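> Just add 152 to wherever you are in the sequence shown, counting from 1, and you've got my numbering. We put the CB at the ideal spot given by N, CA and C, even for glycine. As the structure is a prediction and not an experimental result, all values here were calculated from the model. Would you mind keeping the following structure in view while I ask a few things?
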Amino acid sequence: MAEHTLIHNQDENKYEYHIDGHIAYITYDNQNGVLHITHTIVPEELAGKGLAKILTIDVMNEIEKQQLKVQPKCSYTVAFMEKNPDYQRLLG
């Protein structure tokens, strides 16, 4: 899968990829610098390509770059954090 540009849609509290007319995204609720990840959504047309993982990695890297913390609330992100202990340093 080609690289995609991560878009931070602050008005809607989302990180997005725009791919072939579809939007894959992660939603969050910012609570005092801790991003509570609420949903990870990949459209059916883009499913099965590992996009949720790629998007989550990009979002985690952006959270770290912004010196924020994360609190996973959606099942995908909870599982991602369990499988990728390197990102647990971002838990807040």
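Round the Cβ separation of Ile189 and Lys225 to the nearest angstrom and send it over; I've been treating them as touching at under 8 Å.
Rounded, the Cβ-Cβ distance is 6 Å, consistent with contact.
> Just to confirm the assignment: which complete alpha helix (DSSP H) runs, minimum length 4, are found wholly within the stretch 178-202?
Entirely contained in the stretch 178-202, not one alpha helix (DSSP H) run reaches 4 residues.
> Tell me the DSSP secondary structure of Leu220 in three-state form.
Here Leu220 sits in coil by DSSP.
> Comparing C-alpha positions only, which one of Lys205, Leu187, Glu155 sits nearest to Gln219?
Taking only the C-alpha atoms, the option nearest Gln219 is Leu187.
> Could you give the distance in angstroms between the alpha-carbon of Glu197 and the alpha-carbon of His174?
Approximately 8 Å between the Cα atoms of the pair.
> Using a threshold of 7 Å, is the CB atom of Glu196 nearer than that to any non-hydrogen atom of the ligand MN?
Among the ligands in the structure shown, none appear at all, so the ligand MN cannot be discussed.
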